[in-house]
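Numbering (the numbering used here), first residue to last: 250 to 879.
Where is the CB? At the ideal position from N, CA and C, for every residue including glycine.
Small disclaimer: the values here were computed from a predicted structure and weren't measured.
Working notes for the structure below.
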């Protein structure tokens, strides 16, 4: 390798390192900005004159909806404040009020006010000592103790859980004089207490129950889909019970950590705060459990996210997200999301989304969206959308949309839209649109739509009403055009003809016979159209392909001929009409049996001609026809 080549390779290598560093810094900066994305970032306009600090905090609470928690030993609540602040962050407003002497912690909609200097003062004292905080938590209305209440130390992120007697016990290290405890339980209003830590400190708390509302019914009762994240067996198996309880009780808490690494839930850098923490970079060796992801999450087996995932989530086996997803999600086996999804989603087996989906889904077996889908669903077996679908569905077996489909459905076997289709349905076997079809249905065997304003192409087409076009071997319109006709013409003395479809386009099935020196039979298939001229007068044009047999059926090569039949139809009643018209017939064959040629020439003397060139025989003849239709 030349020195110049070594320099180029070294330069490229260094550039990759620089890019990686920039990416890492960008992610950390994103983490920092995201950490500030809470109620302290709310903009506020505040104009007060000579109010007490307590009154000022009340005014801010009314304007912003936050609640302040503090200890009167930290704040002089009677101190007078005058301030004119316009469109500034809440944190900046508080800095102006308290002259940068406080720090702020957030727990849901609580802002906890603590002294900035207390930690430094405490660290100057003797070595760390352990203290016990304990108490009983009871129901404000009944006075009964409450089991499984989460007690969370906002400062050092310690946890405790009440027992069946409502008792809790928390062992802490005294590194700060003042600390805030958040008491939370599902179905109760949480509360925050700021106090000065002491040895063996007793703190009893009353929690007020929230009013109960009837739970909304899930519209699509697919049990394996509609289960909440924490009720799923895999989550209960992998995540410790206390971690799940804390994550539900303290769902208002949002912690942010730039990087986390875990072996299993609770065994990692997030420790007990797994279910409360948003991570920017997340690495799960076996499985991970977090409140959210705002960046990249990689897992060899399981990634479990309670709330939102924004960014990239890759798992060797399964991704489970309890709320919104935005970005890229890929799993070796299964993706399950309970909230809205805007993403590129791929899975080796299945993608399941309980809410709306916007983007692209690709799965080896099936895709399921319980609500609306906007985008593309591609799977090896089936695609399912529980409400409206807009986009493209492609699958090996079946596509199902329970409301309206706007776009394209393509499957190897079956497409089903319960309401309206606006677009294209293509299936190897059958297409079903249970209401209106505006577009095209193409199937190998059959199409059905209640109301057709488009085109149906299949062997068999069925509809209730049809103002479009159905092309196939058999077309049936319940409120369409049907006639049974007894017919006779110059060539064949008697026969029957059946018409079915619409006047715009209908199928024809005919059978004719005649008895002269030889008995002959003819049957044919064709199509026709009918145009209303005046009141009861219609003009019809029909084209048929016919097969003629002499004496016996199928004993020799049959004789094929084509007919074009224009005629007038007088529709005297709904089920009675008289048809009078002409027949123009044509036969072209190679080495046609002389018996057939002679037979036709004997029957058709009017405008008859025959020619032969290079063993190709041509016969033309015309005549008239008359019939009565019912």
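When we look at the beta-carbon of residue 791 and count the other beta-carbons within 10 Å, is it buried (16 or more) or exposed? buried
Beta-carbon contacts of residue 862 that lie in its chain and below 7 Å, excluding the five residues immediately before and after: none
Hey, out of 821, 832, 825 and 799, whose CA is closest to residue 843's CA? 799
Given residue 556 as reference, the closest of 501, 513, 536 and 548 once Cα atoms are compared: Here the closest residue by C-alpha is 501.
With 16 other Cβ atoms within 10 Å as the buried cut-off, status of residue 490: exposed
Can you grab the Cα-Cα spacing for the pair residue 585 / residue 442, in whole Å? Residue 442 has its alpha-carbon roughly 38 Å from the corresponding atom of residue 585.
Take the Cβ of residue 472 as the centre, count every other Cβ of all protein chains shown within 10 Å, and call the residue buried at 16 or more, exposed below. Only weak support is given to the placement of residue 472: the predicted model assigns it a pLDDT of 43, under 50, and the value that follows is read from those uncertain coordinates. So residue 472 ends up on the exposed side.
Mark residue 389 as exposed unless 16 or more other C-beta atoms lie within 10 angstroms of its C-beta, in which case mark it buried. Classification of residue 389: exposed, given that the 10 Å Cβ count is below 16.
So, at 7 Å on beta carbons, what are the nonlocal neighbours of residue 409 in its own chain, with the 5 sequence-adjacent residues on each side left out? 400, 417, 418 and 419
Tell me where the alpha helix (DSSP H) around residue 341 begins and ends. 339 to 347
Give the range of the alpha helix (DSSP H) segment to which residue 844 is assigned. 843 to 852
Leaving out the 5 sequence neighbours to the left and right, which residues in its chain are closer than 6 Å to residue 664 when beta-carbon positions are compared? For residue 664, where only same-chain residues beyond five positions count, the Cβ hits under 6 Å are 648, 658, 674, 676 and 680.
Suppose the cutoff is 6 Å on Cβ atoms and the five residues either side in sequence are ignored; what does the same chain contact list for residue 793 look like? 757, 773, 775 and 812
Option nearest residue 871 by Cα separation, candidates 830, 318 and 702: 830
Indicate whether the contact test is met: 3 or more Cβ pairs, each with one atom in the stretch 563 to 572 and one in the stretch 503 to 523, closer than 8 Å. no
Through-space distance from residue 344 to residue 335, alpha-carbon basis: 14 Å
By Cβ distance below 8 Å, which residues in the same chain neighbour residue 338 in space, the five residues on each side in sequence not counted? Excluding sequence neighbours, residue 338 sits near 289, 290, 291, 292 and 293.
So, at 6 Å on beta carbons, what are the nonlocal neighbours of residue 823 in its own chain, with the 5 sequence-adjacent residues on each side left out? none
Residue 638 to residue 582 span [Cα, whole Å]: 24 Å
Between residue 406 and residue 595, what straight-line distance do the alpha-carbon atoms span, to the nearest angstrom? When rounded, the distance between both Cα atoms is 37 Å.
Three-way DSSP call (helix, strand, coil) for residue 309 in this model: helix
Considering only C-alpha positions, which residue in the set 858, 572, 828 and 712 is nearest to residue 208? Residue 208 is absent from the structure shown; the chain starts at 250 and stops at 879.
Ranges of the beta strand (DSSP E) found wholly within the stretch 783 to 827, counting only runs of at least 3: Runs of the beta strand (DSSP E) inside the stretch 783 to 827: 786 to 799 and 808 to 822.
Bounding residues of the alpha helix (DSSP H) (the contiguous stretch that carries residue 496): Residue 496 -> alpha helix (DSSP H) spans 490 to 498.
For the beta strand (DSSP E) holding residue 361, just list the boundary residues, first then last. 359 to 364
Residues in the same chain with beta-carbon distance under 8 Å from residue 298, minus the five sequence neighbours each way, listed in chain order, please. These residues qualify, in order along the chain: 331.
For residue 457, which three-state DSSP category applies? coil
Give the C-beta separation of residue 380 and residue 324 to the nearest angstrom, bearing in mind that I take them to be a contact with Cβ-Cβ under 8 Å. The pair is not a contact, with the Cβ atoms about 24 Å apart (cut-off 8 Å).
Classify residue 729 as helix, strand or coil using the three-state DSSP reduction. coil
DSSP three-state assignment for residue 413, whether helix, strand or coil: Residue 413 carries a coil assignment under DSSP once its states are collapsed to helix, strand and coil.
So, using beta-carbon positions, are residue 816 and residue 840 closer together than 8 Å? no
Residue 653 (DSSP reduced to helix, strand or coil): coil
Quick check: what's the CA-CA separation for residue 610 versus residue 528? When rounded, the distance between both Cα atoms is 25 Å.
What do you reckon, are the CB atoms on residue 391 and residue 455 nearer than 8 Å? Contact: no.
Quick check: what's the CA-CA separation for residue 319 versus residue 558? 33 Å
Using a 10 Å radius around the Cβ and a threshold of 16 neighbouring Cβ atoms, would you call residue 504 buried or exposed? buried
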